[in-house]
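Working notes for the structure below.
Number of protein chains: 2
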Amino acid sequence: MRDRRAERREATRAEIVAAAWEVVGENGIGALSLRDVAERVGMRPPSLYEYFDSKNAIYDALFADGQRMLYDALTEDKDLDPLEQMRARTHDFIDFCVQNPARTQLLFVRTIPGFEPSPESYALAVRTLTAVNEAFADLGVDDPSAVDLYTAMISGLVNQQLANEPGGKRWVVLADEMLDMLLDHLRKTGRLTEGEP
Amino acid sequence: MRDRRAERREATRAEIVAAAWEVVGENGIGALSLRDVAERVGMRPPSLYEYFDSKNAIYDALFADGQRMLYDALTEDKDLDPLEQMRARTHDFIDFCVQNPARTQLLFVRTIPGFEPSPESYALAVRTLTAVNEAFADLGVDDPSAVDLYTAMISGLVNQQLANEPGGKRWVVLADEMLDMLLDHLRKTGRLTEGEP
DNA sequence: GTCTATATGTGGATAGAC
DNA sequence: GTCTATCCACATATAGAC
Numbered sequence: 001m002r003d004r005r006a007e008r009r010e011a012t013r014a015e016i017v018a019a020a021w022e023v024v025g026e027n028g029i030g031a032l033s034l035r036d037v038a039e040r041v042g043m044r045p046p047s048l049y050e051y052f053d054s055k056n057a058i059y060d061a062l063f064a065d066g067q068r069m070l071y072d073a074l075t076e077d078k079d080l081d082p083l084e085q086m087r088a089r090t091h092d093f094i095d096f097c098v099q100n101p102a103r104t105q106l107l108f109v110r111t112i113p114g115f116e117p118s119p120e121s122y123a124l125a126v127r128t129l130t131a132v133n134e135a136f137a138d139l140g141v142d143d144p145s146a147v148d149l150y151t152a153m154i155s156g157l158v159n160q161q162l163a164n165e166p167g168g169k170r171w172v173v174l175a176d177e178m179l180d181m182l183l184d185h186l187r188k189t190g191r192l193t194e195g196e197p
Numbered sequence: 001m002r003d004r005r006a007e008r009r010e011a012t013r014a015e016i017v018a019a020a021w022e023v024v025g026e027n028g029i030g031a032l033s034l035r036d037v038a039e040r041v042g043m044r045p046p047s048l049y050e051y052f053d054s055k056n057a058i059y060d061a062l063f064a065d066g067q068r069m070l071y072d073a074l075t076e077d078k079d080l081d082p083l084e085q086m087r088a089r090t091h092d093f094i095d096f097c098v099q100n101p102a103r104t105q106l107l108f109v110r111t112i113p114g115f116e117p118s119p120e121s122y123a124l125a126v127r128t129l130t131a132v133n134e135a136f137a138d139l140g141v142d143d144p145s146a147v148d149l150y151t152a153m154i155s156g157l158v159n160q161q162l163a164n165e166p167g168g169k170r171w172v173v174l175a176d177e178m179l180d181m182l183l184d185h186l187r188k189t190g191r192l193t194e195g196e197p
């Protein structure tokens, strides 16, 4: 039998998380305040404690929610060959990041003093990273340091874009060139053999 | 004639900045509090206002100080050819960043709600970036997007290292490979002609 | 120049009434 | 579950003694 009480509670938690996304979207990830969130959901601040144990628990819910959104944003397209797949997902990732700078900071930069994602939330990040590793495996690349080069290059583009020209495209447009550069390098060093030149 | 009053004042300002570095070094860049700083320099919090107009003014002094440290860390070595010069400075930069994560966040990531460096402080960042552009010009590379690729790749290594494995070397050790990859790519696309293979 | 004292506003968090 | 009341820490700022 359905537990209507638990369903209601989950719905309210989701409402709070949505309100928190609004707040950090407007003021930055570091400027989340319980007052702002409470006002947006029509509660008094102490009532939030019925749903989350602390402000960091809200950050953790945002982190988990953001990781889920990222995973969903990187949808597989079975019609594409592995190389085009990689290119498409790289664009998906970059779009996801520049579309919401506060979310990107929460997911990929240690920014909030005292906040560490819980093991359950972090597991969602691992799931996505595993998918990236599999995408490289599909390309025939098994060297883990190739993936480290990739994540550094792409996250570097995003970081530079957000830090120096938020809303612009100066770094983002270099994504394809960056990817080609990496693939050439992997071919040259014998870590990638299949695919076109 | 020397203005002993002004000298004393500058010395105290420097003491406050040093104390602020200690605080952010221990607690993170977002956790700077005037109480902590005041206690460390043996003052009461209100007395700090004699030297800085606001907490953000202290952040600005830290930003300027950090930019000066970075500029000094990237010392030219006239004995090296441009290519070895580039490699040496890249290592200097990476060491500078991983050595003090809080400082790196302040200088290169928009992290503190409401803080923007003053024009005077930002000019110090521009000075360093100009030096990077000149280093590429010495290599014979004039395309500005080459420098954008470079800053994205190197800052990406640093960010991944600090976010995922602070204190480790997993990404940092890829610096030379990353640089070689970029130089190969610039040769291949006709933007770099001099230098060894 | 530094202090004490004081004030206002903001923010996280808890106790206890309803 | 939600509220009021309250507490503590902090940023910011001012007045006035020393």
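These protein sequence lines map, in sequence, to chains A and B.
Per full-length UniProt numbering, the first sequence starts with residue 1, numbered consecutively.
Per full-length UniProt numbering, the second sequence starts with residue 1, numbered consecutively.
Beta carbons: idealized from backbone N, C-alpha and C, even for Gly.
Here the structure is a predicted model, which means the values were calculated and not measured.
Closest to residue i by CA distance: which of the options is it?
| i | options | result |
| --- | --- | --- |
| residue 19 of chain B | B:38, B:97, B:9 | B:38 |
| residue 13 of chain A | A:24, A:83, A:29, A:53 | A:53 |
| residue 85 of chain B | B:101, B:16, B:131 | B:131 |
| residue 40 of chain B | B:30, B:51, B:49, B:23 | B:23 |
| residue 134 of chain B | B:56, B:74, B:4 | B:74 |
| residue 83 of chain B | B:47, B:140, B:144 | B:140 |
| residue 154 of chain B | B:9, B:191, B:95 | B:95 |
| residue 177 of chain B | B:49, B:87, B:45, B:47 | B:87 |
| residue 81 of chain B | B:64, B:33, B:137 | B:137 |
| residue 173 of chain A | B:158, B:187, B:174, B:146 | B:146 |
| residue 7 of chain A | A:51, A:36, A:21, A:44 | A:51 |
| residue 189 of chain B | B:142, B:126, B:158 | B:142 |
| residue 175 of chain A | A:166, A:165, A:158 | A:158 |
| residue 115 of chain A | A:55, A:150, A:68, A:125 | A:55 |
| residue 68 of chain B | B:126, B:5, B:2, B:111 | B:126 |
I need the boundaries of the alpha helix (DSSP H) containing residue i, first residue and last residue.
| i | result |
| --- | --- |
| residue 144 of chain A | 144-164 |
| residue 52 of chain B | Element bounds for residue 52 of chain B: n/a, residue is neither H nor E. |
| residue 86 of chain A | 82-99 |
Just to confirm, is the Cβ distance from residue i to residue j under 7 angstroms?
| i | j | result |
| --- | --- | --- |
| residue 160 of chain B | residue 152 of chain A | yes |
| residue 156 of chain B | residue 28 of chain A | no |
| residue 70 of chain A | residue 128 of chain A | yes |
| residue 117 of chain B | residue 72 of chain B | no |
| residue 113 of chain B | residue 102 of chain A | no |
| residue 192 of chain B | residue 186 of chain B | yes |
| residue 121 of chain B | residue 57 of chain B | no |
With DSSP as the reference, label residue i as helix, strand or coil.
| i | result |
| --- | --- |
| residue 115 of chain A | coil |
| residue 34 of chain A | helix |
| residue 186 of chain B | helix |
| residue 21 of chain B | helix |
| residue 75 of chain B | coil |
| residue 65 of chain B | helix |
| residue 191 of chain A | coil |
| residue 45 of chain B | helix |
| residue 9 of chain B | helix |
| residue 60 of chain A | helix |
| residue 197 of chain B | For residue 197 of chain B, the pLDDT reaches just 46, beneath the cut-off of 50, and the residue's location in the model is therefore unreliable, although a value from the coordinates is still provided. Coil. |
| residue 170 of chain B | coil |
| residue 176 of chain A | helix |
| residue 110 of chain B | coil |
| residue 181 of chain B | helix |
| residue 138 of chain A | helix |
| residue 2 of chain A | coil |
My understanding is that residue i touches residue j, with C-beta atoms under 8 angstroms, so please give their C-beta distance in whole angstroms.
| i | j | result |
| --- | --- | --- |
| residue 97 of chain B | residue 104 of chain B | 4 angstroms |
| residue 163 of chain A | residue 93 of chain B | Not a contact, Cβ separation roughly 15 angstroms. |
| residue 171 of chain B | residue 148 of chain A | 6 angstroms |
| residue 42 of chain A | residue 106 of chain A | About 25 angstroms; that fails the 8 angstroms criterion. |
| residue 17 of chain B | residue 62 of chain B | 6 angstroms |
| residue 35 of chain A | residue 46 of chain A | Going by Cβ atoms, the distance from residue 35 of chain A to residue 46 of chain A rounds to 11 angstroms, so no, they are not a contact pair. |
| residue 100 of chain A | residue 25 of chain A | 7 angstroms |
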